[in-house]
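Reviewing the structure listed below.
2 protein chains.
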Amino acid sequence: MGNVTIRILARHLQLSAATVSKALADSHEISGPTKKRVLEMAAALNYTPNPYASSLRRKKSRTIAVILPEVADSFFSQAINGIEAIAQDKGYHVLVCLTHERTLKEQAILHEMLGGRADGILISVTSETTDPASILELQEKGVPVVFFDRVCEGIDTARIVTDDAQSAYKATDHLIRQGCKQIAFLAISEGLSISHQRIEGYKQALTAHGIRFNGSDIIPCTHDAEENLRSLKKIMRQQHRPDGIIASVEKLAVQVYQACREENIRIPEDIKVIGFSNLVTAAYLNPALTTITQPAFEMGRAAASLLFKALGNKSFSLSQNIQVIPSELQVRDSTH
Amino acid sequence: MGNVTIRILARHLQLSAATVSKALADSHEISGPTKKRVLEMAAALNYTPNPYASSLRRKKSRTIAVILPEVADSFFSQAINGIEAIAQDKGYHVLVCLTHERTLKEQAILHEMLGGRADGILISVTSETTDPASILELQEKGVPVVFFDRVCEGIDTARIVTDDAQSAYKATDHLIRQGCKQIAFLAISEGLSISHQRIEGYKQALTAHGIRFNGSDIIPCTHDAEENLRSLKKIMRQQHRPDGIIASVEKLAVQVYQACREENIRIPEDIKVIGFSNLVTAAYLNPALTTITQPAFEMGRAAASLLFKALGNKSFSLSQNIQVIPSELQVRDSTH
DNA sequence: TATTGTTACGAAAACGGTTAAGTAAATAAA
DNA sequence: TTTATTTACTTAACCGTTTTCGTAACAATA
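From first to last, the protein sequence lines are chains A and B. If you use the numbering used here, the first sequence closes out at 339, no skipped numbers anywhere. If you use the numbering used here, the second sequence closes out at 339, no skipped numbers anywhere.
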């Protein structure tokens, strides 16, 4: 297993380790012929640098961490793809850390990052997150942090978000124009900025159409599918069942379909449904689901790009850098 | 930024760095009271160990790498969730490396891994991969490698797969029993073991029912959705259009729906469709898609578990360790 | 000729945590 | 009492790469 190190390479070449290191880094201090010799020998001995030795010495890891609640969701999957594409292009690695929607886990991960494991952080916070302390701490250490999608208030750094309020407005407006009188809004954690924004947009659209906002139309949902299904079915059986539903996250839309099927409620005749979703199958659902489609891949790319700007240029400030990438309303059969 | 290192901690405690290191590792060489003092001071100074220094010295990174073609796919997303769950439990980090289905990229990533970036590798190879050399090289260096789903022949190591041949057999058998006479099989890269297995199962089912296998019923597909759509539509317009279709990977199923819609072909009346898929929305598609559902999360978990067994026990051999987790045929409307 | 610059390389000290080997002091065994 | 053992530490040498500071050798300039 005797790994070939830079010193062994150097010995083979009758050079010093320093020279080899510089040659591999294409330093101007090293002559052309020597560089060539080094490269050739490195290839011949199949030399692979130890990334940890390098990270230790240079105090950079060429790694970014992506911290997010879950990955079994079209939005985050697509976002990871966007992030990884950029990172790979820059020669960086991507550490994926899942919080499973638990703020404690999130804090533990963030604390670990203080050790310098990653040069920068992309984060979409859990729905429980309210305390910005761990993130602030990282910032103070000089680790750039970029939020994407789910941001945490109280921290002044870059954010890549979509136009949550307007999207919810558009969704609500669309339902009203399609004749809905009572629109339920399926919400997740109200502490979350995106949740708050979306609810705001929903309220504004109601107001704009002269419909009085009814607090009980905001349906708080959880991460437990069974539980959500139960409450949805209960709502479907109600006397005054809503005639429109906005699912503020993807999986809630699927749960609505399930609840409607089990309660024999027809979409869109009995109830119109619109979902925030990136499902590639939205158009082929029964009925085809009207969606607010988020630019997941682009958001991932944008977040990573911004992070790399900060990494490449220490004087580049992420502060106040808010990028809003608009979502798109795609009208389909579920709101006809 | 003056990071707090173990030596600074030691100075504050009037101890040596070695003592502190051992105390933090809960070594028996250190007395109870001293351990307590160390822990307290570490917390007070907010000490976070530098993972790279540790990795360099100990020659282990507490990191595993997951190398896969793409992540925007239900199967891989769910698998990552399974893998991450186990890794987190073991105190390991997960590096996600995407090959974008390019074997060259895959080789570059694998070569990098020789440097010791990860203690173990989970890999699902690209559809182009045929050369096992890079993987063998890693094995020779003592890096345990576990295949999941897409394996590469010529390497003797653990594999977590699903019962591809039987699943394809079941799918084909099901279509035949539903009355299909001409069943097209949408295949990706025939070099891939799963592809090969699935085709074998398909052929066997045909034979079992006394149907002659027709080579032109194997439709080679690519990673280019547009291109696939074009060939699918062409097939749909054919004189002797197939009356059954097996989509051997998830996204092909969606493309079939699209092609059928655009060519006004009814599922299941004109053509019955079955797909290898983990779509949570399969049951809500129009029509509900009959699927071979792969145990993605479980496969991820199993692969990671096996890898950690190898990491925890140097004498544990991954060789010959093949675990087959069965897929499930879920009959829905698309094959009625 | 003396001085300054340039080129191409080497020696050695980092980076921060771990660990083998060593050592005083206290305790146990002979 | 002497010797062996245990306890609780410390010293110093790693791990492999990078980087600062030298320094010969040679060229260019004054």
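C-beta: ideal position from N, C-alpha, C; glycine also.
Does the beta carbon of residue i sit closer than 8 Å to a beta carbon anywhere in chain B?
{"i": "A:I126", "result": "no"}
{"i": "A:R105", "result": "no"}
{"i": "A:Q81", "result": "yes"}
{"i": "A:T284", "result": "yes"}
{"i": "A:Y95", "result": "no"}
{"i": "A:Y172", "result": "no"}
{"i": "A:A313", "result": "no"}
{"i": "A:N84", "result": "yes"}
{"i": "A:H114", "result": "yes"}
{"i": "A:G118", "result": "yes"}
{"i": "A:E99", "result": "The displayed chain sequence assigns Val, not Glu, to residue 99 of chain A. At least one chain B Cβ lies under 8 Å of A:V99."}
{"i": "A:E3", "result": "Absent from the structure is residue 3 of chain A, since the part of chain A shown begins at 4 and ends at 339."}
So what does DSSP say about residue i, is it helix, strand or coil?
{"i": "A:A171", "result": "helix"}
{"i": "B:A208", "result": "helix"}
{"i": "A:T294", "result": "strand"}
{"i": "B:I11", "result": "helix"}
{"i": "A:E331", "result": "strand"}
{"i": "A:T165", "result": "strand"}
{"i": "B:V23", "result": "helix"}
{"i": "A:I179", "result": "helix"}
{"i": "A:I112", "result": "helix"}
{"i": "B:K144", "result": "coil"}
{"i": "A:M4", "result": "The predicted position of A:M4 is uncertain, since its pLDDT is 42 and thus under 50; a value taken from the coordinates is nonetheless stated next. Reduced to three states, the DSSP call for A:M4 is coil."}
{"i": "B:L125", "result": "strand"}
{"i": "A:G278", "result": "strand"}
{"i": "B:F300", "result": "helix"}
{"i": "B:L314", "result": "helix"}
{"i": "A:L189", "result": "strand"}
{"i": "A:I158", "result": "coil"}
{"i": "A:I325", "result": "strand"}
{"i": "A:L288", "result": "strand"}
With distances taken Cα to Cα, identify the nearest neighbour of residue i among the options.
{"i": "B:S64", "options": "B:A28, B:N6, B:A171, B:G119", "result": "B:G119"}
{"i": "B:R244", "options": "B:N6, B:I295, B:S198, B:K184", "result": "B:K184"}
{"i": "A:P147", "options": "A:M116, A:E87, A:S280", "result": "A:M116"}
{"i": "B:A190", "options": "B:A211, B:R215, B:I222, B:D76", "result": "B:I222"}
{"i": "B:V154", "options": "B:I124, B:R240, B:T293, B:Y172", "result": "B:I124"}
{"i": "B:L71", "options": "B:T106, B:Q323, B:K237, B:D220", "result": "B:T106"}
{"i": "A:G218", "options": "A:H226, A:Y205, A:T225", "result": "A:Y205"}
{"i": "B:S330", "options": "B:V164, B:I179, B:D176", "result": "B:V164"}
{"i": "B:I138", "options": "B:D166, B:E109, B:S130", "result": "B:E109"}
{"i": "A:Q241", "options": "A:Q258, A:C263, A:E229, A:A256", "result": "A:C263"}
{"i": "A:E131", "options": "A:S19, A:L195, A:I89", "result": "A:L195"}
{"i": "B:A46", "options": "B:Y172, B:G315, B:L12", "result": "B:L12"}
{"i": "B:D134", "options": "B:G157, B:E253, B:D273", "result": "B:G157"}
{"i": "B:I179", "options": "B:K39, B:G213, B:R269", "result": "B:G213"}
{"i": "A:G303", "options": "A:I325, A:E193, A:D176, A:N84", "result": "A:N84"}
{"i": "A:D220", "options": "A:A211, A:K237, A:I186", "result": "A:I186"}
{"i": "A:V276", "options": "A:L282, A:V283, A:V257", "result": "A:V257"}
{"i": "B:R60", "options": "B:I202, B:A228, B:D336, B:S24", "result": "B:S24"}
{"i": "A:V279", "options": "A:A299, A:F150, A:H226", "result": "Per the sequence shown, the amino acid found at residue 279 of chain A is Phe instead of Val. A:F279 has its Cα closest to that of A:A299, out of A:A299, A:F150, A:H226."}
When the cut-off is 8 Å and only beta carbons count, does residue i lie next to chain A?
{"i": "B:M4", "result": "In this prediction, B:M4 has a pLDDT of 42, which is less than 50 and means its spatial position is unreliable; what the coordinates show is noted afterwards. Output row for B:M4: interface = yes."}
{"i": "B:I180", "result": "Correcting the residue identity first, residue 180 of chain B is Arg in this sequence and not Ile. Answer no: the Cβ-Cβ gap between B:R180 and chain A never drops below 8 Å."}
{"i": "B:P135", "result": "no"}
{"i": "B:P290", "result": "yes"}
{"i": "B:V74", "result": "yes"}
{"i": "B:E109", "result": "no"}
{"i": "B:E301", "result": "no"}
{"i": "B:E229", "result": "no"}
{"i": "B:E87", "result": "yes"}
Is the beta carbon of residue i within less than 7 Å of some heavy atom of the ligand COA?
{"i": "B:Q185", "result": "As for the ligand COA, it is missing from this structure, which has no ligand bound."}
- Curious, which full-length beta strand (DSSP E) runs of at least 3 residues does the segment 216-271 of chain B contain? 221-223, 247-250
- Message: My parser needs the beta strand (DSSP E) runs of 3 or more residues fully inside the segment 34-110 of chain A; what are they?
- Response: 66-71, 96-101
- Contact residues within the segment 41-72 of chain B, judged by C-beta distance below 7 Å to chain A: T51, P52, N53, P54, Y55, A56, S58, L59, S64
- Positions along the segment 200-213 of chain B whose CB lies within less than 8 Å of some CB in chain A: none
- Message: So if I threshold CB-CB distances at 7 Å, which residues from the segment 249-274 of chain B count as touching chain A?
- Response: V257, Y260
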